[in-house]
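There are 2 protein chains.
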Amino acid sequence: MRDENFCNSNCPFTRAIGTIGNKWKPIIINVMGTRTIRFGQLDAIIPNISRKVLTEQLKELEEDGLLERIAYKELPPRVDYKLSEKGLAFLPILEAIKKWQGKFEKIETVNSN
Amino acid sequence: MRDENFCNSNCPFTRAIGTIGNKWKPIIINVMGTRTIRFGQLDAIIPNISRKVLTEQLKELEEDGLLERIAYKELPPRVDYKLSEKGLAFLPILEAIKKWQGKFEKIETVNSN
DNA sequence: TATTCTGGTTACTATTGGGTAACTACTAAT
DNA sequence: ATTAGTAGTTACCCAATAGTAACCAGAATA
């Protein structure tokens, strides 16, 4: 969940960390990328996330304007998610994190599975 | 604390999030910046962090190679912290987050305190 | 002699995060 | 009549996180 103190901070950077500074949100944003994706797909692709937590995180990301939720009035239900302009603008930051990680984590990767 | 599953993931991005994807670490790295800073200063500057948690986070950041801890054999004790090359390389990412936040959070800031 | 200074550590406790399993709605297919 | 399928929600529970307060060393200062 979001940290209320962080989100209400007078410091913009702290507020930003309150918004995206947890373990699941960067993962979710990264998996979504530029595509439109359904709830069930996210649940299947992201390892070890429960539907409960996925629901919570998606709801917060929507509230914070990072993604859009499009629910079709069908049965069985269908819900699409896609990143908003703000969410898309966050993707380059995730790419920078990947580069950073790659640069300083040269060793290993040999016996990883 | 670090998430073991994330840190042992086969996905480098997930490992990166396991390393820096929590609320305190980006804050600490940002406060440190390019300077050398003492434990007590960090404790005083970072709002609402307890010494216990600060100690834990600093220890993990050191283990993950993001910062260096320099303890002087003095009394009363003196310990300096400063970012390593890896930690310094993370600063531009934090700057990008600030820009991103600034771009999409234009409104308000009027009655905030 | 008592206090201050620094960078912690420890024990205890409260709060939160997150996992599991069961359940829902409604239609279509078997 | 039953089952499958989707996107959740709900209740329950356990483990992890973080906060608080007390304590430590050992020299310097009052």
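Chains as they are written, first to last, in our numbering: chain B, 42 to 154; chain H, 42 to 154.
Quick reminder that beta carbons are idealized off the backbone N, C-alpha and C, glycines included.
Inter-residue Cα distance where the pair is Ile-138/H and Glu-109/B: Rounded to the nearest whole angstrom, the CA to CA distance from Ile-138/H to Glu-109/B is 21 angstroms.
Contacting positions in the segment 49–81 of chain H - beta carbon closer than 9 angstroms to chain B: Listed by position along the chain: Asn-49, Ser-50, Asn-51, Cys-52, Pro-53, Phe-54, Thr-55, Arg-56, Ala-57, Ile-58, Gly-59, Thr-60, Ile-61, Gly-62, Asn-63, Lys-64, Trp-65, Lys-66, Pro-67, Ile-68, Asn-71.
For Ala-112/B, the residue or residues it bridges with in DSSP: DSSP output for Ala-112/B lists Val-120/B as bridge partner(s).
With 16 other Cβ atoms within 10 Å as the buried cut-off, status of Gly-143/B: Exposed: under 16 other Cβ atoms inside 10 Å.
Interface positions of the segment 108–123 of chain B facing chain H (Cβ-Cβ less than 8 angstroms), listed along the chain: The residues in question: there are none.
C-beta contact flag for Leu-132/B and Gly-62/B at 8 angstroms: The Cβ-Cβ distance between Leu-132/B and Gly-62/B does not fall below 8 angstroms.
Cross-chain neighbours of Lys-139/B in chain H, by beta carbon under 9 angstroms: For Lys-139/B, the chain H residues whose C-beta falls within less than 9 angstroms of its own C-beta are Pro-53, Phe-54, Ala-57, listed in chain order.
Proximity test, Cβ basis, 8 angstroms: Gln-142/H and chain B: Contacts with chain B at 8 angstroms (Cβ-Cβ) include Gln-142/H.
Helix, strand or coil at Arg-79/B according to DSSP, with G and I counted as helix: Correct three-state label for Arg-79/B: strand.
Buried or exposed (CB count within 10 angstroms, at least 16 for buried), Asp-84/B: Under a 10 Å Cβ-count criterion, Asp-84/B is classified as exposed, with fewer than 16 other Cβ atoms of the shown protein chains found around its own Cβ.
Cβ neighbour criterion (16 or more within 10 Å) applied to Ala-112/B: By the neighbour-count rule (16 or more Cβ atoms within 10 Å), Ala-112/B is not buried but exposed.
Partner residues on chain B for Ile-134/H, Cβ-Cβ distance less than 8 angstroms: What Ile-134/H touches in chain B: Ile-134, Ala-137, Ile-138, Trp-141.
8 angstroms Cβ cut-off: residues of chain B touching Ala-130/H: Going along chain B in sequence order, the residues near Ala-130/H (Cβ under 8 angstroms) are Trp-141, Lys-144, Phe-145.
Close Cβ partners of Arg-76/H (< 8 angstroms) along its chain, the five nearest in sequence each way excluded: The residues are Lys-123.
Assumed close pair Lys-127/B, Leu-107/B - CB separation to whole angstroms, cut-off 8 angstroms: The beta-carbon separation of Lys-127/B and Leu-107/B, rounded to 6 angstroms, stays under the 8 angstroms limit for a contact.
Reference Lys-100/H, options Leu-129/H, Ile-70/H, Lys-114/H, Asn-89/H, closest by Cα: Put simply, of Leu-129/H, Ile-70/H, Lys-114/H, Asn-89/H the residue whose alpha carbon is nearest the alpha carbon of Lys-100/H is Ile-70/H.
Proximity winner among Leu-95/B, Asn-51/B, Ala-57/B, relative to Phe-145/H (alpha-carbon distances): Of the candidates Leu-95/B, Asn-51/B, Ala-57/B, the one whose C-alpha sits nearest the C-alpha of Phe-145/H is Ala-57/B.
Boundaries (first-last residue) of the alpha helix (DSSP H) holding Pro-67/H: First-last of the alpha helix (DSSP H) with Pro-67/H: 65–73.
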